[in-house]
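S.K.: Residue numbers (the numbering used here): 51 to 454.
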Ligand SMILES: Cc1cc2nc3c(=O)[nH]c(=O)nc-3n(C[C@H](O)[C@H](O)[C@H](O)COP(=O)(O)OP(=O)(O)OC[C@H]3O[C@@H](n4cnc5c(N)ncnc54)[C@H](O)[C@@H]3O)c2cc1C
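Quick look at the structure:
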């Protein structure tokens with residue numbers, strides 16, 4: 051009989067297992083893949099942006115704020131310190147391992163689990179969960195059945211199932227009466243009409259991206275935009291993907307921003323260049339393929355003659371408001387997170403214990419919490435894992451990993 055059975059060996063599961071062991075629990079961790087932490091290794095382009103020291107940025111959900119109030123940056127830093135992981139913070143408050151290698155984070159987590167005698171069973175996909183008089187029976191695909199007093203579900207969502215999270219945790223929670231909200235890909239690329247951006251694949255440009263439903267502005271982000279064969283990518287585009295998810299959505303690119311000019315200043319600059327042949331008007335501003343796409347979109351030939359004032363105005367408008375109808379979002383295979391998940395109102399925000407099924411806990415992306423790019427999703431996974439594993443218990447009168 052285990053004190054705690056953790057289902058899923060990702061960020062939340064490993065943090066939860068370690069916190070529970072630090073409180074004296076005998077812990078079994080079950081992972082469906084052949085090793086734990088596969089997704090962790092892919093995070094932050096292999097560098098693992100594990101938290102952010104700035105203000106929380108989660109889609110309107112009070113649970114994330116409550117969890118991070120208790121297990122926020124200071125406690126997580128103390129946790130990493132206790133495991134011997136050195137950290138590095140960049141100018142945008144994003145925190146990475148000092149080695150800038152995700153594998154270093156996994157190494158310390160695996161070392162900590164080994165040091166605490168946490169029993170880790172890989173190739174153990176959990177397929178069933180039943181309540182028993184003593185707690186829970188946890189059934190695996192290969193027929194094993196484990197008994198635990200408590201169970202912590204940390205199976206992640208549906209994003210990039212090749213890294214392990216195939217959504218199989220949701221039916222487990224539903225089987226014991228938990229509701230799961232609609233599941234959608236989050237932080238993902240946006241598919242658009244491809245004709246206006248034909249030939250631009252691989253070009254990066256800095257700009258402001260705006261999402262509209264008809265003419266209603268739904269959100270905007272600035273940063274690097276990457277043109278792709280299917281539409282648009284880049285962190286700012288992924289950040290805006292939730293706003294692009296719906297009927298009659300359009301994105302607009304304002305490329306004046308990347309030139310360091312306001313739209314008005316760009317208008318003056320184009321007017322100042324008015325005597326130049328059209329084919330040289332945007333020279334020094336954009337790469338030739340992008341210049342051609344801008345002329346094409348504005349419906350102006352890119353010839354040897356200078357443009358008329360009205361053509362210059364049309365070209366300027368196109369640069370500041372390059373509209374592309376949205377055709378959908380790329381799917382879970384390329385998403386970084388899942389929007390939606392187990393309904394958070396059914397979990398106690400101080401312990402993450404189910405209000406419906408005593409002894410059952412959930413943490414990480416399996417819950418209906420998702421944050422922006424910048425370390426917020428791993429921060430919630432680790433913070434909620436620590437909260438659920440420790441169940442809000444204190445050690446020597448202080449919460450675990452308190453900043454001393
Ligand atoms: C490419 C990529 C890059 C990212 N980069 C960042 C970043 O830099 N910073 C950031 O904050 N966030 C990043 N994210 C998001 C972040 O990785 C996730 O939000 C986070 O890993 C969620 O942690 P988790 O423990 O809840 O779930 P996961 O990390 O997905 O772990 C779930 C684990 O449960 C296992 N599992 C699933 N079902 C079962 C089952 N039935 N039985 C047993 N085991 C099961 C899975 O195999 C997996 O190991 C990135 C995501 C991706 C895909």
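All C-beta atoms in this analysis are idealised placements derived from N, C-alpha and C, irrespective of residue type, glycine included.
Output the distance between the C-alpha atoms of residue 339 and residue 427, rounded to the nearest integer angstrom.
M.R.: Here residue 339 refers to the residue found at position 289 of the chain shown. Here residue 427 refers to the residue found at position 377 of the chain shown. Between residue 339 and residue 427, the C-alpha separation is close to 36 Å.
S.K.: Look at residue 326 and residue 356 and say whether their C-beta atoms are less than 8 Å apart.
M.R.: Within the chain shown, residue 326 is the residue found at index 276, counting from 1. Within the chain shown, residue 356 is the residue found at index 306, counting from 1. Yes. Within cutoff.
S.K.: Could you pull out every residue in the same chain whose Cβ sits closer than 6 Å to the Cβ of residue 51, ignoring the five residues on either side in sequence?
M.R.: In the chain shown, the residue the question calls residue 51 occupies position 1. Result list for residue 51: 197, in chain order.
S.K.: Which two residues bound the contiguous beta strand (DSSP E) that contains residue 189?
M.R.: For the purposes of this step, residue 189 is identified with residue 139 of the chain shown, where counting begins at 1. Segment 185–190, the beta strand (DSSP E) holding residue 189.
S.K.: What's the gap between the Cα of residue 403 and the Cα of residue 441?
M.R.: As a first step, residue 403 must be located in the chain shown, where it is residue number 353. As a first step, residue 441 must be located in the chain shown, where it is residue number 391. Linking residue 403 to residue 441 through their CA atoms gives a straight-line distance of about 8 Å.
S.K.: Apply the 10 Å Cβ neighbour rule to residue 446 and answer buried if 16 or more other Cβ atoms are within range, or exposed otherwise.
M.R.: In the chain shown, residue 446 corresponds to position 396, counting from 1. Bear in mind that the predicted position of residue 446 carries a pLDDT of just 48, short of 50, making it too unreliable to give a figure here.
S.K.: When every heavy atom of ligand 1 is checked, does at least one fall within less than 7 Å of the C-beta of residue 153?
M.R.: Walking along the chain shown from the start, residue 153 turns up at place 103. Taking 7 Å as the cut-off, the C-beta of residue 153 does not count as close to any heavy atom of ligand 1.
S.K.: Please specify which runs of the beta strand (DSSP E), each continuous and at least 3 residues long, are wholly inside the segment 315–363, giving them in chain order.
M.R.: none
S.K.: Mapping DSSP to helix, strand and coil, what is residue 374?
M.R.: Here residue 374 corresponds to residue number 324 of the chain shown, with the count starting at 1. Residue 374 falls in the strand class under three-state DSSP.
S.K.: Mapping DSSP to helix, strand and coil, what is residue 392?
M.R.: Counting from one through the chain shown, the residue named residue 392 turns up at place 342. Here residue 392 sits in strand by DSSP.
S.K.: Okay, do the segment 401–416 and the segment 121–136 touch, 3+ Cβ pairs below 8 Å being the bar?
M.R.: no
S.K.: Would you give the residue range spanned by the beta strand (DSSP E) that residue 241 belongs to?
M.R.: Counted from its first residue, the chain shown places residue 241 at position 191. Counting along the chain, the beta strand (DSSP E) containing residue 241 begins and ends at 240–242.
S.K.: How would you write the range of the alpha helix (DSSP H) that residue 279 sits in, first residue to last?
M.R.: Along the chain shown, read from residue 1 onward, the residue named residue 279 stands at position 229. Looking at the DSSP string, residue 279 is not in any alpha helix (DSSP H), and its letter there is neither H nor E.
S.K.: If we ignore side chains and look at the alpha-carbon of each, how far apart do residue 315 and residue 160 end up?
M.R.: Reading the chain shown from its first residue, position 265 is the one you call residue 315. Reading the chain shown from its first residue, position 110 is the one you call residue 160. So the alpha carbons of these two residues sit roughly 55 Å apart.
S.K.: To the nearest angstrom, report how far apart residue 56 and residue 272 are at their CA atoms.
M.R.: Within the chain shown, numbered from 1, the residue matching residue 56 stands at position 6. Within the chain shown, numbered from 1, the residue matching residue 272 stands at position 222. Their backbone Cα atoms lie some 39 Å apart in a straight line.
S.K.: Measuring CA to CA, which of 385, 348, 155 and 319 is closest to residue 334?
M.R.: Counting from 1 along the chain shown, the entry for residue 334 is found at position 284. Here the closest residue by C-alpha is 319.
S.K.: Assuming residue 409 contacts residue 185 under a Cβ cut-off of 8 Å, what Cβ separation, rounded to an integer in Å, is found between them?
M.R.: Here residue 409 refers to the residue found at position 359 of the chain shown. Here residue 185 refers to the residue found at position 135 of the chain shown. Their Cβ separation, rounded to whole angstroms, is 6 Å, which keeps residue 409 and residue 185 in contact under 8 Å.
S.K.: Can you give me the Cβ contacts of residue 438 inside the same chain, cut-off strictly under 6 Å, excluding the 5 residues immediately before and after it?
M.R.: Taking the chain shown and counting its residues from 1, one reaches residue 438 at position 388. Excluding positions up to five away in sequence, the list reads 66, 202, 402, 411 and 413.
S.K.: Any idea if residue 108 is buried or exposed, counting beta-carbon neighbours within 10 angstroms, 16 or more meaning buried?
M.R.: For the purposes of this step, residue 108 is identified with residue 58 of the chain shown, where counting begins at 1. Residue 108 comes out buried.
S.K.: If we call anything under 8 Å between Cβ atoms a contact, is residue 368 one with residue 348?
M.R.: The residue labelled residue 368 in the question sits at position 318 within the chain shown. The residue labelled residue 348 in the question sits at position 298 within the chain shown. It is a contact, given that the beta carbons lie within the stated cut-off.
S.K.: Where do the N-terminal and C-terminal ends of the beta strand (DSSP E) with residue 146 fall, by residue?
M.R.: Translated into the one-based positions of the chain shown, residue 146 becomes position 96. First-last of the beta strand (DSSP E) with residue 146: 144–147.
S.K.: What residue from 137, 306, 126 and 384 has the CA that sits closest to residue 212's CA?
M.R.: To locate residue 212, count along the chain shown from 1; it is residue 162. Nearest option by C-alpha distance: 384.
S.K.: Which value, in whole angstroms, describes the spacing of the CA atoms of residue 143 and residue 284?
M.R.: In the chain shown, residue 143 corresponds to position 93, counting from 1. In the chain shown, residue 284 corresponds to position 234, counting from 1. Going by the C-alpha atoms only, they are around 19 Å apart.
S.K.: If distances are taken between C-alpha atoms only, which option among 237, 281, 220 and 60 comes closest to residue 250?
M.R.: Locating residue 250 in the chain shown gives position 200, where the first residue counts as 1. The residue with the shortest Cα to Cα distance from residue 250 is 281.
S.K.: Would you kindly work out how many angstroms separate the C-alpha atoms of residue 209 and residue 388, rounded to a whole number?
M.R.: Here residue 209 corresponds to residue number 159 of the chain shown, with the count starting at 1. Here residue 388 corresponds to residue number 338 of the chain shown, with the count starting at 1. The straight-line gap from Cα to Cα measures roughly 6 Å.
S.K.: Does the Cβ of residue 86 lie closer than 7 Å to at least one heavy atom of ligand 1?
M.R.: Indexing the chain shown from 1 puts residue 86 at position 36. Yes, ligand 1 has a heavy atom inside 7 Å of this Cβ.
S.K.: With residue 120 as the anchor, note down where its beta strand (DSSP E) starts and where it stops.
M.R.: By one-based count along the chain shown, residue 120 stands at place 70. It is not in any beta strand (DSSP E) - residue 120 instead sits in the alpha helix (DSSP H) that spans 112–120.
S.K.: Helix, strand or coil for residue 135? Go by DSSP, reduced to three states.
M.R.: Working through the chain shown from its first residue, we reach residue 135 at position 85. Here DSSP, grouped into helix, strand and coil, assigns residue 135 to coil.
S.K.: With 16 other CB atoms within 10 Å as the buried threshold, where does residue 374 fall?
M.R.: Stepping through the chain shown from its first residue, residue 374 is reached at position 324. Its Cβ being crowded by 16 or more others within 10 Å, residue 374 is buried.
S.K.: Quick check: does the Cβ of residue 111 come within less than 7 Å of any heavy atom belonging to ligand 1?
M.R.: The sequence position of residue 111 within the chain shown is 61, counting from 1. No.
S.K.: So the alpha helix (DSSP H) residue 426 belongs to, where does it begin and stop?
M.R.: Mapped onto the chain shown, residue 426 falls at position 376. That run of the alpha helix (DSSP H) goes 426–440.
S.K.: Look at the alpha carbon of residue 149 and the alpha carbon of residue 136, and state the distance between them as a whole number of angstroms.
M.R.: In the chain shown, counting from the first residue as 1, residue 149 sits at position 99. In the chain shown, counting from the first residue as 1, residue 136 sits at position 86. Cα to Cα, the separation comes out at about 8 Å.
S.K.: From the DSSP output, which residues share a beta bridge with residue 100?
M.R.: For this step, residue 100 is matched to residue 50 along the chain shown. DSSP output for residue 100 lists no bridge partner at all.
S.K.: Helix, strand or coil: how does DSSP classify residue 270 here?
M.R.: Within the chain shown, the letter at position 220 stands for residue 270. DSSP places residue 270 in strand when its eight states are reduced to three.
S.K.: Compare the Cα-Cα distances from residue 278 to each of 324, 238 and 328 and report the closest residue.
M.R.: In the chain shown, the residue the question calls residue 278 occupies position 228. For residue 278, the nearest C-alpha among the options comes from 238.
S.K.: Excluding five sequence neighbours on each side, which residues of the same chain lie with their C-beta closer than 7 Å to the C-beta of residue 88?
M.R.: Position 38 of the chain shown, counted from the start, is the residue given in the question as residue 88. These residues qualify, in order along the chain: 213 and 214.
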